[in-house]
Amino acid sequence: MTANRLDSFSTRSTLTVDGKAYDYFSLPKAEAAGLEGVSQLPFSLKVLLENLLRYEDGRSVTDADVKALVAWVKDRKSDHEIAYRPARVLMQDFTGVPAVVDLATMRAAMKQLGGDVNRINPLSPVDLVIDHSVQVDRFGTPTAFEENVDLEMERNAERYSFLRWGQGAFNNFRVVPPGTGICHQVNLEYLAKTVWTAEEDGRTVAYPDTLVGTDSHTTMVNGLAVLGWGVGGIEAEAAMLGQPVSMVIPEVIGFKLTGKLKEGTTATDLVLTVTQMLRKKGVVGKFVEFYGEGLDNMVLTDRATIANMAPEYGATCGFFPIDGETLNYLRLSGRDDETVALVEAYAKAQGMWREAGSPDPVFTDTLELDMSTVEPSLAGPKRPQDRVPLSTVPASFRESLPTLTKNKGTAADAVAEVAGADYKLTHGHVAIAAITSCTNTSNPDVMLGAGLVAKKAVERGLTVKPWVKTSLAPGSKVVTEYLRAAGVQDALDALGFNLVGYGCTTCIGNSGPLAEPISAAVNASDLVVTSVLSGNRNFEGRVNPDVRANYLASPMLVVVYAIAGSVLVNLDKEPLGHDKDGTPVFLRDIWPTSAEIRETVRSVITSQMFRGEYADVFSGDAAWQAIQAPEGETYEWDDASTYVKMPPYFDGMSPVASDEIAPINGARALAILGDSVTTDHISPAGNIAKNSPAARYLTEHGVAPADFNSYGARRGNHEVMMRGTFANVRIRNEMVPGVEGGYTRHIPTGEQLSIYDAAMRYIDAGTPLVVVAGKEYGTGSSRDWAAKGTMLLGVKGVIAESFERIHRSNLVGMGILPLVFGEGWDRAKLGLDGTETFDIVGLGNDLKPRQALTLKVTRANGEVVEAPLVCRIDTLDELEYYKNGGILHYVLRRIASGQA
Numbered sequence: 001m002t003a004n005r006l007d008s009f010s011t012r013s014t015l016t017v018d019g020k021a022y023d024y025f026s027l028p029k030a031e032a033a034g035l036e037g038v039s040q041l042p043f044s045l046k047v048l049l050e051n052l053l054r055y056e057d058g059r060s061v062t063d064a065d066v067k068a069l070v071a072w073v074k075d076r077k078s079d080h081e082i083a084y085r086p087a088r089v090l091m092q093d094f095t096g097v098p099a100v101v102d103l104a105t106m107r108a109a110m111k112q113l114g115g116d117v118n119r120i121n122p123l124s125p126v127d128l129v130i131d132h133s134v135q136v137d138r139f140g141t142p143t144a145f146e147e148n149v150d151l152e153m154e155r156n157a158e159r160y161s162f163l164r165w166g167q168g169a170f171n172n173f174r175v176v177p178p179g180t181g182i183c184h185q186v187n188l189e190y191l192a193k194t195v196w197t198a199e200e201d202g203r204t205v206a207y208p209d210t211l212v213g214t215d216s217h218t219t220m221v222n223g224l225a226v227l228g229w230g231v232g233g234i235e236a237e238a239a240m241l242g243q244p245v246s247m248v249i250p251e252v253i254g255f256k257l258t259g260k261l262k263e264g265t266t267a268t269d270l271v272l273t274v275t276q277m278l279r280k281k282g283v284v285g286k287f288v289e290f291y292g293e294g295l296d297n298m299v300l301t302d303r304a305t306i307a308n309m310a311p312e313y314g315a316t317c318g319f320f321p322i323d324g325e326t327l328n329y330l331r332l333s334g335r336d337d338e339t340v341a342l343v344e345a346y347a348k349a350q351g352m353w354r355e356a357g358s359p360d361p362v363f364t365d366t367l368e369l370d371m372s373t374v375e376p377s378l379a380g381p382k383r384p385q386d387r388v389p390l391s392t393v394p395a396s397f398r399e400s401l402p403t404l405t406k407n408k409g410t411a412a413d414a415v416a417e418v419a420g421a422d423y424k425l426t427h428g429h430v431a432i433a434a435i436t437s438c439t440n441t442s443n444p445d446v447m448l449g450a451g452l453v454a455k456k457a458v459e460r461g462l463t464v465k466p467w468v469k470t471s472l473a474p475g476s477k478v479v480t481e482y483l484r485a486a487g488v489q490d491a492l493d494a495l496g497f498n499l500v501g502y503g504c505t506t507c508i509g510n511s512g513p514l515a516e517p518i519s520a521a522v523n524a525s526d527l528v529v530t531s532v533l534s535g536n537r538n539f540e541g542r543v544n545p546d547v548r549a550n551y552l553a554s555p556m557l558v559v560v561y562a563i564a565g566s567v568l569v570n571l572d573k574e575p576l577g578h579d580k581d582g583t584p585v586f587l588r589d590i591w592p593t594s595a596e597i598r599e600t601v602r603s604v605i606t607s608q609m610f611r612g613e614y615a616d617v618f619s620g621d622a623a624w625q626a627i628q629a630p631e632g633e634t635y636e637w638d639d640a641s642t643y644v645k646m647p648p649y650f651d652g653m654s655p656v657a658s659d660e661i662a663p664i665n666g667a668r669a670l671a672i673l674g675d676s677v678t679t680d681h682i683s684p685a686g687n688i689a690k691n692s693p694a695a696r697y698l699t700e701h702g703v704a705p706a707d708f709n710s711y712g713a714r715r716g717n718h719e720v721m722m723r724g725t726f727a728n729v730r731i732r733n734e735m736v737p738g739v740e741g742g743y744t745r746h747i748p749t750g751e752q753l754s755i756y757d758a759a760m761r762y763i764d765a766g767t768p769l770v771v772v773a774g775k776e777y778g779t780g781s782s783r784d785w786a787a788k789g790t791m792l793l794g795v796k797g798v799i800a801e802s803f804e805r806i807h808r809s810n811l812v813g814m815g816i817l818p819l820v821f822g823e824g825w826d827r828a829k830l831g832l833d834g835t836e837t838f839d840i841v842g843l844g845n846d847l848k849p850r851q852a853l854t855l856k857v858t859r860a861n862g863e864v865v866e867a868p869l870v871c872r873i874d875t876l877d878e879l880e881y882y883k884n885g886g887i888l889h890y891v892l893r894r895i896a897s898g899q900a
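In the UniProt record's numbering, the protein residues as written are 1 to 900.
Shown next, in the form of structure tokens:
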């Protein structure tokens, strides 16, 4: 809250709920004060408007900002920049550890600048949920969970000790220990309130619950009418320290839902359909808001499933307004009566309440889906938006096969012997079947549906194929409780879907290794084996290094494909197996009806389950409590550590930023990349390949290959992460045609080197670097190391056809210039091969947001060609970040100088 609030529109009011008074900033009063059109705004923009009214101070938020947001109704879009302050910040440990490393480094830098280190402290609540570190090393046994947790604690003790230091050193910072759940599900089930409150000058102020999170799928909580989206860790750190989120008032796409899902379809099928439609529509950088009578037929967990995959459909968020179903879920999940009553009263007082028959808001554009037309689907083999109807999966896989094999000459009917096994492997065999990820594990309908599928399958004598690695990783302990209460966990266990951990596991790339004989057979014969997972990400090289095709599916279909054993089985026509009498068993024989699922949900899930599991959520088990943590305002860095090291971001930083913007001239290309290069390609989270620069570094520092852990777990060590930048085993650099993996050509010598080794040579020579790419550069996770690592490799600019929202912001936040080709230009038209040098013409001290620039390309033969560029520094605040060398430098200088 701000002590300098102006309230120019006299909107501060009092709301009394069950005898308790709350101050709030009234949107109806704003409209009565002359801000015509407030009531027509999309619900999501009403949240932004309330934020501006509450934080109006005449400096960061002015009355002109408020008027500009309301004026959005007329044009249904705006180019006006606003300063938005979310109520809180959510983190997971893969992004949270480097964020705490950055905060600790900022304290060290503050000390060097002679400032007060305690000024580096979160000003708003921060919750970090440890959910990304558990791996599926053990599976298919009753002890898998305990064994995986033991391995997690052993591997990550140093990281967890560091987090415990942070828990004691920083204010407003809570840690949810490992083995509890996935951050987004914990947020949905416990942390989120829909309406937040804070004490201010003896008064309780009520306002919408809002947040930013260091994970793309922070958007899931929009299903609970909590406006939130993913940002990079560096942007989240700035928000913690009081820096507003700078944003242009977004376009809002209305997505009208009508009808209801037909028998045999699930929320997963619905979200894959929505994702495909919105990707086709093009919603990058926009809000999506769902409306229509179809919302009356949706339980809240279905809404959360759709909201979760906003990063996959490209939107900043997918928002659902407050209505009766919101209240139903708040009650079911154990929120207290006072919270539920406040949510209802506040929403109705603010015009934020949706009910059947109420007028639709004004939107920038709309599209519509009759949910009765949704059909059973998967998505793959390597992008979430590539939906495949269940009936066409075999044909679709065969069509994709030539693009998936490593060697183009690999036969379509290749067969591989497996050492010590009585079966052979072929293309399409399911190597991994994983019930994983927040997208679906928060939804009781599909989780209990999977349990019912398993129960029916076991009753008919069906079993999982021996080459399938199975796993069950719920998003919270509540799921385990209701699976047991429904009597379906035993059947899941019988099929090998034993509990392996509470975390992201396979979806983040922590699938663990395949059995060695299977891995050897796959690689020796260049087989394209598959994973089927109930996740949200299936990008190349993400799930498992041995698995080249990955399909997203409902938990129910995950169980089915584990039994079928191959995506080449036509589930509409072919049996899954035979019962003890030899009778063929088809998918329809084990698929529960919608009525069965709903009755099971209704009969077993209680609010007491949620209250019980979350009663002591921050304490952790004995192993967590036994971790020793250092104390003190500043962290004592251990030079011998291979997990936590102080990064060099602030080395030699002056108290005042330079007025000069450094030119980019004579740059070399470090990589020339194609379309849809993901943050997984740029900064992988999973396995550290044994022949990689990162492995070399770890080996040199005494770490055995068995203890490499993952890139995600090593994000507190910049030495590992910069070596892992562009190290994905599936990335393809057009400078080295036909080569997979993180390699490039060092032009001065002509050598093929790892990207890291080449970058170090260029840095030593003082040569600036650029990366050139196609469309949708940086799609995927909100991975700040994809920008941090790029910066540490000496890259000064990234030139692409288009960027995904979060990664573009992250690049600016690390002082890297994002540039897009002008209309009709791309790397192919320029005929780039990497031997060229690059100048950014027009880059100077008078740089402005979205300024037109020119790319001057000088070929090896001296020929010069030019192409138009647009600078994708989008706001004046971002321009300040860039001039300072990054957002953290900007914030640190402001704090040190007393400006913040």
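C-beta atoms are modelled at their ideal positions from N, C-alpha and C, and glycine is treated no differently.
Mark Asp360 as exposed unless 16 or more other C-beta atoms lie within 10 angstroms of its C-beta, in which case mark it buried. exposed
If we count the other Cβ atoms within 10 Å of its Cβ and call it buried at 16 or more, is residue 901 buried or exposed? No answer is possible for residue 901: the residues shown for the chain start at 1 and end at 900.
With a 10 Å radius around its C-beta and 16 neighbouring C-beta atoms as the bar for buried, classify Lys46 as buried or exposed. buried
For Trp196, does the three-state DSSP call read helix, strand or coil? strand
What first and last residue would you give for the alpha helix (DSSP H) that runs through Lys455? 444 to 459
Distance, Cα to Cα, Ala307 vs Thr95? 21 Å
Say whether the stretch 576 to 595 touches the stretch 316 to 326, bearing in mind that this needs 3 or more beta-carbon pairs closer than 8 Å, one atom from each stretch. no
Option in Gly19, Val656, Lys20, Leu27 with minimal Cα separation from Arg12: Leu27
Where Ser897 falls, given that 16 or more other Cβ within 10 Å makes a residue buried: exposed
Cα-Cα separation between Lys286 and Ser442, rounded to whole angstroms: 25 Å
When you compare the CB positions of Arg164 and Tyr643, do they come within less than 8 Å of one another, or not? no
Under the three-state reduction of DSSP, which class applies to Tyr561: helix, strand or coil? helix
Alpha carbon to alpha carbon, what distance is there between Thr197 and Met1? Note on Met1: pLDDT 48, under 50, position unreliable in the model; the coordinate value appears next. Whole-angstrom Cα-Cα distance: 11 Å.
Measuring only the C-alpha atoms, how far is Ala419 from Thr436? 29 Å
Around the Cβ of Glu636, are there at least 16 other Cβ atoms within 10 angstroms (buried) or fewer (exposed)? exposed
Proximity below 8 Å, CB of Met371 to CB of Thr268: no
Spatial neighbours of Arg88 in its chain, beta-carbon cut-off 6 Å, leaving aside the 5 residues before and after: Ser124, Pro125, Leu211
Between which two residues does the beta strand (DSSP E) carrying Lys469 extend? 469 to 472
Assign Ser619 to buried or exposed, taking buried as 16 or more other Cβ atoms, counted over all protein chains shown, within 10 Å of its Cβ. exposed
Specify the secondary structure class of Cys507 as computed by DSSP and reduced to three states. helix
For Leu330, count the other beta carbons within 10 Å of its own beta carbon; 16 or more makes it buried, fewer makes it exposed. Which is it? buried
With a 10 Å radius around its C-beta and 16 neighbouring C-beta atoms as the bar for buried, classify Gln243 as buried or exposed. buried
Taking Pro208 as the reference, which of Ala515, Leu48, Ser400 has the closest Cα? Leu48
When we look at the beta-carbon of Glu876 and count the other beta-carbons within 10 Å, is it buried (16 or more) or exposed? Here residue 876 is Leu; the residue named in the question, Glu, does not match the sequence. The residue in question, Leu876, is exposed, as its Cβ has fewer than 16 Cβ neighbours within 10 Å.
Taking the alpha-carbon positions, what's the Asp63 to Gly34 distance? 12 Å
Considering only the beta carbon of each residue, do Asn717 and Lys645 sit closer than 8 Å? yes
By DSSP's criteria, Ala21 is part of a beta bridge. Which residues make up the other side? Thr16
Spatially closest choice to Ala345 from Gly233, Ile682, Gly778, Lys20, by CA coordinates: Lys20
Looking at the structure shown, is His746 part of a helix, part of a strand, or coil, going by DSSP? strand
Please report the Cβ distance between Gly351 and Ser78, rounded to the nearest whole angstrom; I am assuming they are in contact, meaning their Cβ atoms lie under 8 Å. Between Ser78 and Gly351 the Cβ distance is about 20 Å, and since that is not below 8 Å, they are no contact.
When the Cα atoms are used, what is the spatial distance from Trp785 to Phe726? 11 Å
So what does Thr858 bridge to, in DSSP terms? Thr837, Val864
When you compare each of Val271, Ala30, Arg715, Val374 to Lys262 by their alpha carbons, which one comes out closest? Val374
Per DSSP, which residues does Pro42 bridge with? Please list them. None; Pro42 has no bridge partner.
Report yes if the C-beta distance between Thr506 and Leu533 is below 8 Å; otherwise report no. yes
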